[in-house]
Structure formats: C-alpha cells, structure tokens
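Numbering (this note's numbering), first residue to last: 2 to 90. Structure first, commentary second.
As structure tokens, then:
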C-alpha cells in the first residue's frame, strides 16, 4: 500500500487537504477515511480538521502518522494550531 511505503520511517507524516473546487470534498474525505480504516490496525493515527474557507465552504484536512512517531504529540498540537489560525488577508 502506498501509505506503508511512505511510512517506512516512523518520522514521516502525511497531511492532506481535500480539494473543494468541485464541491466533492466530502466524498474525497470519506474515501481517505475508508483507506485509513484499512490501516487502522497497523499502528497509524489520524487527526481530522474541518475549516471553513472565505465562502464558508468546509475544507477537510487530515494528518496521518505512525503511532510510534517520536514527534506525535507535538505534531498534532502544531497541526491543530495551523488549522485553527485564521487566513491572512
């Protein structure tokens, strides 16, 4: 699986943002969740965030990493911080 290849080192972290240009972001998000469910018993963790854009369209984003990542706690804190920051205008 592509994720397993990417996560061969426990320090790799994947962040993805579901494109909202065609209003299919929720479908993309569900598909990524389905893939993650397949990996769930393989030692991975995921943190999801939903952020509204300037048109109040929900943008879905997630962070995935191995559960033995030595930077797991700080990575999750920073990811939440970045996603909670209001966009700069």
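Note that the Cβ used here is the ideal one computed from N, Cα and C, for glycine as well. All of these numbers come straight from a predicted model, not from anything done at the bench.
Measure the beta-carbon distance from residue 80 to residue 48 and round it to whole angstroms, keeping in mind my assumption that it falls under 8 Å. For a cut-off of 8 Å, the C-beta gap from residue 80 to residue 48 is around 6 Å, short enough to register as a contact.
I'd like to know whether the C-beta atoms of residue 52 and residue 84 end up nearer to each other than 8 Å. Yes. Within cutoff.
Could you please give me the residues that DSSP links to residue 67 through a beta bridge? Answer by DSSP bridge pairing, in chain order: 45.
Proximity below 8 Å, CB of residue 67 to CB of residue 24: In terms of Cβ geometry, residue 67 and residue 24 do not form a close pair [threshold 8 Å].
Residue closest to residue 82, alpha-carbon to alpha-carbon, out of 17, 46, 50, 14: Among 17, 46, 50, 14, the Cα nearest to that of residue 82 is on 50.
Once DSSP output is grouped into helix, strand and coil, what is the label at residue 72? Reduced to three states, the DSSP call for residue 72 is coil.
By the DSSP assignment, the beta strand (DSSP E) with residue 14 in it spans what residues? Secondary structure note for residue 14: its beta strand (DSSP E) is the uninterrupted segment 14 to 18.
Does the distance from the C-beta atom of residue 76 to that of residue 64 stay below 8 Å? Yes; because the gap between Cβ atoms is below 8 Å, this pair is in contact.
Does the Cβ of residue 19 have 16 or more other Cβ atoms within 10 Å, making it buried, or fewer, making it exposed? Residue 19 sits buried, since 16 or more C-beta atoms from the chains shown fall within 10 Å of its C-beta.
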